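Count along the sequence shown from 1, add 3, and you get the number used in this note's numbering. Built from N, CA and C at the ideal position, the CB exists for glycine as well. Keep in mind the model is a prediction, meaning the values are calculated, not measured. The structure under discussion appears below in the form of structure tokens.
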Amino acid sequence: RNSYKKNICIDMLRQGYHESFSELFALIQKWNALREAAGPGSAIWQQKSLEEQPDKLDQLYHFLTRAEAAQRAGRYEEVYDNQLNLACSFNNSEDKWLSNYFYEQCFNTAQLTKIDGGKREAQAHANMGLINEEQGHVMKAAEHYEAFYQLTEGSTWKDETGHTYNSLACEHLWRIYTLLADKMLENKEHQQAIKTLIKALKMAKEGGDPKMEGEAAYCLSLAYHFAGEQQTALSILNTSVKIFTALCDSAGLGRAYATIANILVSQGKASETVKYLGEFMKTAENAHLSQSLVDACTLLGNIYNERGNYNEAFKYFSQAYEAVKTLNNLPLVDETKTYCGIAKAHKMMVAYNSHIEAEDPVSLKYLLAWKENRSDMCTDPL
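See below:
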């Protein structure tokens, strides 16, 4: 009795679909080669081979033969559509190699399409960009996304979710330029990173997503900060703050204000730092952003703690602790309690040290009384 695979192959050949047969046979061989290369114990080793999965063989038979028939008739748009159906059919983790193979076939076919104004070619560039990005080929991905962007400029094409192709191209380019800039910053190539992040910010603005624009501005400000251009960094950070405030984005606000504080402290502008963080606190309170309020109070507490103003530090850490109790975040509760404990210990150390240094009977009685009850050293032992 013939196997399912053999019956499908015979049927392809009887109907004259020799290319489909050759492609199917090559894909089965490729799967077997991948399995052998991975070896026993690998994920692919545990899977059934392609020839043992009738549903997948049916999909391949159906779309490969339709693509071959369309190719013979010179209808390359139909060839592309059938290859795309196959790429989407196998778009799961265990069949990723198969999906990628058909996306590459789509890309090759898209170059031959003439009647759609470049829509399929644009789509193929986007898919190849995603594949290359996933595989870590960032420069190659950027080239595909740039081609995607150029082909969609001025178009009204939309995907199935209603997003225009051009806005998707902007999002892809914003993301890939940011990844490229991260590598540049790791290599201390600050000026090159700044140029790349300026392009990322341009794409974010064109894409029309305020969240993306806020993130792009924040990343650019960091690059200027690392390059030593602090005033430019602060100017762009203020743009991020405005965007994140409008979006009620606690995480974004926390990062932006923390960076502003670091820059101002590094410039010796402690009073200006406190002013900025005070504004952050008011913004958080007015917008009822509990996470941002925790961030603001913690940052202020740390500044006062470093300056030796332990009463103020304890006050702000305590406010952070009260705010964090409204959030369902136990690790953050514990972290904030630790900050309170540190500030309280520093407060007590001031009083303790002053009594030690005084070396008089009254101070000794204070210390003995404190040792008995471990109070805040406020009780008069006399």
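Candidates the options, of which the one nearest residue i by Cα
| i | options | result |
| --- | --- | --- |
| residue 53 | 74, 29, 66 and 69 | 29 |
| residue 231 | 294, 197, 212 and 207 | 197 |
| residue 93 | 359, 56 and 42 | 56 |
| residue 265 | 255, 342 and 279 | 279 |
| residue 120 | 160, 338, 87 and 135 | 160 |
| residue 158 | 286, 122, 165 and 146 | 122 |
| residue 50 | 167, 98, 89 and 308 | 98 |
| residue 359 | 370, 185, 338 and 303 | 370 |
| residue 325 | 81, 339, 178 and 315 | 339 |
| residue 60 | 223, 74, 11 and 40 | 11 |
| residue 20 | 74, 42 and 44 | 74 |
Span separating the alpha-carbon of residue i from that of residue j
| i | j | result |
| --- | --- | --- |
| residue 84 | residue 216 | 34 Å |
| residue 365 | residue 227 | 56 Å |
| residue 384 | residue 235 | Because the pLDDT of residue 384 is 42, which lies under 50, any placement of that residue in the model is unreliable, and the question is left without a value. |
| residue 318 | residue 354 | 17 Å |
| residue 102 | residue 233 | 47 Å |
| residue 284 | residue 290 | 10 Å |
| residue 295 | residue 248 | 10 Å |
| residue 145 | residue 106 | 17 Å |
| residue 263 | residue 31 | 57 Å |
| residue 9 | residue 80 | 30 Å |
| residue 184 | residue 261 | 21 Å |
| residue 15 | residue 127 | 28 Å |
| residue 135 | residue 320 | 46 Å |
| residue 58 | residue 25 | 19 Å |
Backbone secondary structure at residue i - three-state DSSP
| i | result |
| --- | --- |
| residue 384 | Its pLDDT being 42, under 50, residue 384 is placed unreliably in this model, and the coordinates cannot settle the point. |
| residue 318 | helix |
| residue 198 | helix |
| residue 161 | strand |
| residue 167 | strand |
| residue 115 | coil |
| residue 140 | coil |
| residue 257 | helix |
For residue j and residue i, believed in contact at Cβ under 8 Å, the rounded distance
| i | j | result |
| --- | --- | --- |
| residue 229 | residue 175 | Incorrect: roughly 25 Å between the Cβ atoms, too far for contact. |
| residue 277 | residue 297 | Incorrect: roughly 17 Å between the Cβ atoms, too far for contact. |
| residue 141 | residue 179 | 6 Å |
Just list the beta strand (DSSP E) runs in the stretch 271-347, keeping only unbroken ones of 3 residues or longer that don't cross its boundaries, in chain order.
none
Report the start-end ranges of each alpha helix (DSSP H) in the stretch 173-235 that is 4 residues or longer and not cut off at the edges.
193-210 and 213-229
Taking only runs that begin and end inside the stretch 33-110, name each unbroken alpha helix (DSSP H) of 4 or more residues, in chain order.
Counting only runs of 4 or more, we get 46-49, 57-75 and 79-92.
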